[in-house]
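These notes are about the structure you will find just below.
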Amino acid sequence: MRVACLLAPHLPVQVHREPGRAVGRQHNPSLAEPPLVVGGRPWDDGAVLDCCPQAVAAGVEPGMRLSRAEALCPGARFVPACEELYRAAHDALVTAAGRFTPTVETAGLGLLYAEVSGLKERFGADIELARQLAREAGRASGLDVRVGIASVKFVARQAARAARPGDGCAVPPGQERAFLSPLPLSTLPVDAEMQRRLHLLGVRSLGALAALPRPAVVRQFGAQAGPLHDLARGVDPRPVRAAAPPLALERTRTFDDPLAGRAPLLAHASRAATELAQALSRRGYQAEGLRLRLEEEDGETHAIGKPVKPPSADPEKLARLARRLLGELSPAGPVVALSLAVYPMRPFHLGATQLALFASPADLRRSRLQETLRRLRERFGEMIVVVASLIRPPPPCPIQVTTGPHGSPRALVWRDRIQEVEMVYETWRERRYWWSRPIERDYFRLETQDGQVQVVFHDVRTDRWLLERRHI
-1 MRVACLLAPH
9 LPVQVHREPG
19 RAVGRQHNPS
29 LAEPPLVVGG
39 RPWDDGAVLD
49 CCPQAVAAGV
59 EPGMRLSRAE
69 ALCPGARFVP
79 ACEELYRAAH
89 DALVTAAGRF
99 TPTVETAGLG
109 LLYAEVSGLK
119 ERFGADIELA
129 RQLAREAGRA
139 SGLDVRVGIA
149 SVKFVARQAA
159 RAARPGDGCA
169 VPPGQERAFL
179 SPLPLSTLPV
189 DAEMQRRLHL
199 LGVRSLGALA
209 ALPRPAVVRQ
219 FGAQAGPLHD
229 LARGVDPRPV
239 RAAAPPLALE
249 RTRTFDDPLA
259 GRAPLLAHAS
269 RAATELAQAL
279 SRRGYQAEGL
289 RLRLEEEDGE
299 THAIGKPVKP
309 PSADPEKLAR
319 LARRLLGELS
329 PAGPVVALSL
339 AVYPMRPFHL
349 GATQLALFAS
359 PADLRRSRLQ
369 ETLRRLRERF
379 GEMIVVVASL
389 IRPPPPCPIQ
399 VTTGPHGSPR
409 ALVWRDRIQE
419 VEMVYETWRE
429 RRYWWSRPIE
439 RDYFRLETQD
449 GQVQVVFHDV
459 RTDRWLLERR
469 HI
């Protein structure tokens, strides 16, 4: 397998630094020289979204309070975030990568992975493909895009980081470990305590870590150190998943005649929410957050965002939340534009099973479900169905999983029983960023040898496997 990593380092900073090149902006020379910090998202309560390398060297990092960033880097320029422009630039990257291969995964803002196996006959050597990808993506987005190609994701990303601006870097098959060897331990997601202990042992590079026996590393630092040791050796079983949800969906209304009354704004917000809900349903996603933005006639903007709990694609629920957000904004003058965005999104598999799953009249499951509900109402009354709908599903439980070379489950160990996996029906990835603790999970809907269909997931951040105990 050959994987390409497309990296636009510090995409928000690039959009503000050279907006004349990036999508949809005019050049602002005052932002070209001093250290730049991007923040000002209203629901982040003054947090840093991104910062330039000079600010990073001063100790500023994303998520830090803006007041703290200002104390660390007093000469920096602080600019408000403009997520519409960032998404436009990122979407341009996705479109450019899609011209080369249909398997493109969004791993973050300005970070893509693409499956590029089999393109050698068309583009020649990997380095030529990397350079052409970098040129096309840079031309489409107006950004500094760097491309790395290797056999696995982790090595491809390090190759992209090693590439020169607007260029590519390719790691030949079999050379992954040698390429990674001189890189510092900070390249890995190693916590400070483990890094301190490794430094005491004289281990300061990926090559030094890879030279240690894997069992010894696991005994010394715990099971979570095993995958880190694998990465240091260039072993990364994660496949490229093209089904990763988009960063956001948005609907915008512009008004030639500015609106001063609240009633028409409520109507437009409700219609935009309904359109977004329909788009979510078509793609099989749910919204975890909703954001409303108003622009006044004099250019003043107002924005507010809230989580959608539980995540949903229900039109009425999203419309109610949109109207509630509008009620919390107080524009001083007439409004010339209204934008409503939903993000991030996750597959319907993770929500409660919905009646839409049983839409076919010929489906026996639908008739049985309806008959069960009818009997419950007759025996206990309508309230029992309402009460049942409020009961939270059981939490997932830890299990042991044996995986294949590409990370897919081969066998499950649960309740002291080993069940071999007969078939994996589908996989999907869930990511959350802004309204809850960061989550990155790989889900697998599979059938075991005893005929049971189960959903298990791998929590990438904690390196644990868990079994979903709700029926999906």
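Following our numbering, the numbering of the sequence shown begins with -1 at its first residue and continues without gaps. Using N, Cα and C, we set each Cβ at its ideal position, and we do this for glycine too.
If you draw a straight line from the Cα of Leu327 to the Cα of Ile416, it is about 56 Å long. Taking all protein chains shown into account, Pro309 has 16 or more neighbouring C-beta atoms within 10 Å of its C-beta and is therefore buried. Ala261 sits away from Leu316, with the two beta carbons spaced by 8 Å or more. Runs of the alpha helix (DSSP H) lying entirely within the stretch 108 to 191 and spanning at least 4 residues, in chain order: 118 to 121, 124 to 139, 151 to 160, 174 to 178.
By the Cβ criterion, the stretch 5 to 16 is in contact with the stretch 43 to 51, since at least three pairs of Cβ atoms, one from each stretch, lie closer than 8 Å. With fewer than 16 neighbouring CB atoms inside 10 Å of its own CB, Gln218 falls in the exposed class.
In the three-state DSSP reduction, Glu248 falls in the strand class (E or B). Checking the DSSP bridge columns, you'll see Val333 partnered with Leu257, Glu294. One thing to note: Met421 has its Cβ no nearer than 8 Å to the Cβ of Glu438. Residue range 451 to 457 is occupied by the beta strand (DSSP E) that includes Gln452. The beta carbon of His266 lies closer than 7 Å to those of Arg251, Leu336 in the same chain, with the five residues before and after it left out.
Residues Pro256, Leu257, Ala258, Glu294, Glu295 of the same chain have their beta carbon placed closer than 8 Å to that of Pro332, with the five preceding and five following residues left out of the count. Taking C-alpha positions only, Gly172 is separated from Leu196 by approximately 26 Å. Around the CB of Ser139, 16 or more other CB atoms lie within 10 Å, so the residue is classed as buried. Comparing C-alpha distances from Leu110 to each of Glu31, Gln156, Arg75 shows the shortest one belongs to Gln156. Taking C-beta atoms as the reference points, Leu178 and Leu210 fail to come closer than 8 Å.
With a threshold of 16 other beta carbon atoms within 10 Å, Glu134 meets it and is buried. Rounded to the nearest whole angstrom, the C-alpha separation of Leu465 and Ala87 is 38 Å.
Assigned with DSSP and collapsed to three states, Pro51 falls in helix. Bounds of any beta strand (DSSP E) do not take in Pro213; it lies within the alpha helix (DSSP H) bounded by 212 to 219. Taking a C-beta distance under 8 Å as the contact criterion, Val340 and Gly287 qualify as a contact pair.
Counted as a single uninterrupted DSSP element, the stretch harbouring Pro72 is not any alpha helix (DSSP H), since DSSP gives it neither H nor E. Following the DSSP letters along the chain, one finds Asp228 inside the alpha helix (DSSP H) bounded by residues 223 to 230. Counting only unbroken stretches of 4 or more residues, the alpha helix (DSSP H) elements lying wholly within the stretch 301 to 326 are 313 to 325, in sequence order. Spanning the alpha carbons of Phe76 and Leu70 requires a straight line of approximately 13 Å. One Cα belongs to Arg231, the other to Pro180, and the distance between them is close to 12 Å. Look at Tyr341 here: in three-state DSSP terms it is coil, with no helix or strand label. Using a 10 angstroms sphere on the CB of Glu298, the tally of other CB atoms stays under 16, which defines it as exposed.
In this chain, Pro10 is not harboured by any beta strand (DSSP E); it is covered by the alpha helix (DSSP H) spanning 9 to 15. Less than 8 Å separates the beta-carbon of Thr99 from that of Val114.
Following the DSSP letters along the chain, one finds Gly57 in no alpha helix (DSSP H), marked with neither H nor E.
Sequence-distant Cβ neighbours of Phe152 in its own chain, meaning closer than 6 Å and more than five residues away, are Leu229, Asp234.
In the DSSP assignment, Asp89 falls within the alpha helix (DSSP H) that extends over 81 to 96. When rounded, the separation of the alpha-carbon atoms in Ser279 and Glu81 is 24 Å. By the Cβ-count criterion, Phe455 is buried, with 16 or more other Cβ atoms from all chains shown falling within 10 Å of its own Cβ. Annotation for Leu465: the continuous beta strand (DSSP E) segment containing it runs 462 to 466.
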